[in-house]
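Enquirer: All the letters of the sequence shown, read from the start, carry residue numbers -14 to 236 under this note's numbering. Structure incoming, see below.
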Amino acid sequence: AHIAQSVIQQDFDLTIVNKMEVDHGLTVPLSLMCGQPEAWPFYSSLSIPEDGGRLTGMLPFASFLWLFKRRRTYRLSGQSDPSRDAFIFEALGRGCVNHRCHAVVEEQLYSLDEGGVYRTSGGDAAENVSAPIQNLFRAGDGAINWQASRYFFCVVDNQAQTIRWYVTFHGEYLPRHSLALHYPTGKWWVDDLPVSVGAGCIGRAGRPTGAWAGDQEAVFLGSTGGTLANAVKAVDYFTTLKTRQGLNIVA
């Protein structure tokens, strides 16, 4: 207390906290809006049809709000006031495993679910586009580890005209494989990565734009000059030289 009083008298802005209540549930703004009711009056909520699945993502597309579950997709539509005239109806018998596994490319929605990869232009039909690699999605003995699907994600490279879904195979924790689609031709290939990755994006680092992916320690770059898998292998090679051979190589 003596130290606090001394520094305050010298015009030092000191904040003293003995106990601070943390507002985890946004109760302060809700209390300002609604007072202190026994239950929050969310009269404007909309109910999604019960089908045994949970909501995995949402996306504005083709004049609707698309609501994804793992095996179903719904669309929300309204006129002037969504709280009064909005309604939800089933759009597709396909879904999306999480909110990072869908992408819109050239006015087409691409999405990954447990049945494969499909695309739609916004109507009531979905076209399966993953036939060349459909064995990976085969129920029971497919290679994909769906228990880790919350870590899956996709990256769109418009310059290379590819979409890559980073997925986990059985025995893995984070994605170490990417399912790559060249969307103009429908050609597929699978990249095997020497390390696990948890996120990705398209970026530029003084070179042509390309796909980037990263784990907890590093970011690996790919570009139009090579594949992401080879970029990761190069980084892995230099890491091995440093950790096992004691050679520290810098550029």
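Just so it is clear, CB atoms sit at the ideal spot from N, CA and C, and this is done for glycine as well.
For a quick check, are the C-beta atoms of H87 and L77 less than 8 Å apart?
Expert: No, Cβ-Cβ distance for H87 and L77 is not below 8 Å.
Enquirer: Count the other CB atoms within 10 Å of the CB of F137; is the residue buried (16 or more) or exposed (fewer)?
Expert: By the 10 Å Cβ count, F137 comes out buried.
Enquirer: Leaving out five residues before and five after F74 in sequence, what residues of the same chain have Cβ atoms less than 7 Å from its Cβ?
Expert: Closer than 7 Å at the Cβ level, and outside the excluded window around F74, lie Y59, R60.
Enquirer: Here's a check: name, in chain order, each residue in its chain whose Cβ is nearer than 6 Å to the Cβ of R85, leaving out the five neighbours to either side.
Expert: Only F138 meet the Cβ criterion.
Enquirer: Which of the three DSSP states, helix, strand or coil, is assigned to F49?
Expert: Of the three classes helix, strand and coil, the one that applies to F49 here is strand, per DSSP.
Enquirer: Cα separation between S208 and Q144?
Expert: At S208 the pLDDT is 42, less than 50, meaning the model places this residue with poor confidence; the figure from the coordinates comes in the next sentence. Going by the C-alpha atoms only, they are around 10 Å apart.
Enquirer: If distances are taken between C-alpha atoms only, which option among Q119, I118, V89 comes closest to T105?
Expert: It is V89 whose Cα lies nearest to the Cα of T105.
Enquirer: Can you tell me which of L164, E157, D70 puts its alpha carbon nearest to the alpha carbon of I148?
Expert: That would be L164, whose Cα lies nearest to the Cα of I148.
Enquirer: Please classify C186 as buried or exposed, where buried requires at least 16 neighbouring CB atoms within 10 angstroms.
Expert: Result: exposed.
Enquirer: Write down every uninterrupted run of the alpha helix (DSSP H) in the stretch 99 to 137 whose length is 4 residues or greater and which is fully enclosed by it, in chain order.
Expert: The stretch 99 to 137 contains no whole alpha helix (DSSP H) run of 4 or more residues.
Enquirer: Tell me the DSSP secondary structure of R60 in three-state form.
Expert: Residue state, collapsed to three classes: strand.
Enquirer: Quick one: grab the DSSP three-state call for C86.
Expert: Looking at C86 - three-state DSSP - the assignment turns out to be coil, as it is neither helix nor strand.
Enquirer: Express the C-alpha separation of E99 and R123 in angstroms, rounding to a whole number.
Expert: Cα to Cα, R123 sits roughly 9 Å from E99.
Enquirer: Could you tell me the alpha carbon to alpha carbon distance between A133 and L159, rounded to whole angstroms?
Expert: Going from the Cα of A133 to the Cα of L159 covers about 7 Å.
Enquirer: Do you know offhand how far D176's Cα is from E92's?
Expert: The alpha-carbon atoms of D176 and E92 are separated by roughly 26 Å.
Enquirer: Mind checking whether G127 and A47 have CB atoms under 8 Å apart?
Expert: Against a cut-off of 8 Å, the Cβ pair of A47 and G127 comes out as no contact.
Enquirer: So, using beta-carbon positions, are R135 and N83 closer together than 8 Å?
Expert: It is a contact, given that the beta carbons lie within the stated cut-off.
Enquirer: Give me the residue from L97, V114, E157, S115 with the minimum Cα distance to F53.
Expert: For F53, the nearest C-alpha among the options comes from L97.
Enquirer: Taking C-beta to C-beta, are T153 and N130 nearer than 8 Å?
Expert: Yes; because the gap between Cβ atoms is below 8 Å, this pair is in contact.
Enquirer: State the Cα-Cα distance for the pair P117 and W173, rounded to the nearest angstrom.
Expert: Their backbone Cα atoms lie some 7 Å apart in a straight line.
Enquirer: For D36, does the three-state DSSP call read helix, strand or coil?
Expert: The answer is coil: DSSP assigns D36 none of H, G, I, E or B.
Enquirer: Under a three-way DSSP split, which group does R149 fall into?
Expert: R149: strand per DSSP, three-state reduction.
Enquirer: Determine the burial state of R69: buried for a count of at least 16 other Cβ atoms within 10 Å of its Cβ, exposed for fewer.
Expert: Exposed, since its Cβ has fewer than 16 Cβ neighbours within 10 Å.
Enquirer: Along the chain, where does the beta strand (DSSP E) that runs through H155 open and close?
Expert: Careful: H155 lies outside any beta strand (DSSP E) and carries neither H nor E.
Enquirer: Do you know how far the Cα of R79 is from the Cα of A110?
Expert: The straight-line gap from Cα to Cα measures roughly 10 Å.
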